[in-house]
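In my numbering, the protein residues as written are 2 to 205.
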């Protein structure tokens, strides 16, 4: 199931008001959790009446879906672009892991909502998001497979390596920033090094 850019725009809405509502919802969902938050509280946080949300998002779940769709589509775009940076699989993996980790650090609040509230989506909406997530994972898998075939990486279980790398990247949104680590560049560089070690990159 492919989700086109136009379909994403249709789901998100193009008005400034819909963008404001999504931004407010991200903050409220992140602070209280999806289950404990209400659209009335979201609207009040940006000075809107409770009914002002509904012309844009009919339900709280529709609002969560829009946030999740926006986040997952954005990270897929970032990863896909990064995967073309460099001729070798090693260069491509470095670029892609760096972009993936940086995105989750720079967008940590929205990413945390998009990544950790998936269980609250309707089955139909979950299916859409799950396919985007699989598309993102396939970018990493293709790079690892190519690198192993070219002798740049040690033979590895591609599925396990992909899961480990992507899971570590996603988890950045859960804790970043911390007292110890608040520089996204530093975190990204460290995670790139871990990813290269996972696949046994043979660097000169």
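Cβ coordinates follow ideal geometry from the N, Cα and C atoms, glycine included.
7 Å Cβ shell around residue i - same chain, five flanking residues per side excluded
i, result
"residue 174", "105, 109, 112, 113, 116"
"residue 21", "47"
"residue 107", "185"
"residue 138", "163, 167"
Contacts around residue i, its chain only, beta-carbon distance under 8 Å, and the 5 residues preceding and following it disregarded
i, result
"residue 145", "90, 94, 154, 157, 159, 162, 163, 200"
"residue 36", "121"
"residue 198", "none"
Alpha carbon of residue i to alpha carbon of residue j, nearest angstrom
i, j, result
"residue 202", "residue 120", "36 Å"
"residue 84", "residue 62", "32 Å"
"residue 2", "residue 172", "With a pLDDT of 49 at residue 2, under the threshold of 50, the predicted position of this residue should be treated as unreliable, though the coordinate-derived value follows. Rounded to whole angstroms, residue 2 to residue 172 spans 26 Å at the Cα level."
"residue 193", "residue 18", "38 Å"
"residue 51", "residue 179", "35 Å"
"residue 169", "residue 53", "38 Å"
"residue 128", "residue 135", "11 Å"
"residue 82", "residue 181", "30 Å"
"residue 204", "residue 143", "19 Å"
"residue 150", "residue 191", "25 Å"
"residue 80", "residue 165", "16 Å"
"residue 177", "residue 49", "30 Å"
"residue 33", "residue 123", "20 Å"
"residue 189", "residue 88", "21 Å"
"residue 131", "residue 118", "13 Å"
"residue 140", "residue 92", "14 Å"
Residue burial classification, residue i (beta-carbon count within 10 angstroms, cutoff 16)
i, result
"residue 187", "exposed"
"residue 72", "buried"
"residue 207", "Only positions 2 to 205 of the chain appear in this structure, which leaves residue 207 out of reach."
"residue 69", "buried"
"residue 44", "buried"
"residue 195", "exposed"
"residue 148", "buried"
"residue 74", "buried"
Same chain, Cβ closer than 6 Å to residue i, five either side skipped, listed in chain order
i, result
"residue 86", "96"
"residue 126", "66"
"residue 77", "133, 136, 137"
"residue 64", "26, 58"
Review point. Given 8 Å as the limit, is there contact between the segment 94–103 and the segment 24–41, that is, 3 or more CB pairs closer than that?
Key: no
Review point. Between the segment 48–62 and the segment 17–34, are three or more C-beta pairs nearer than 8 Å?
Key: yes
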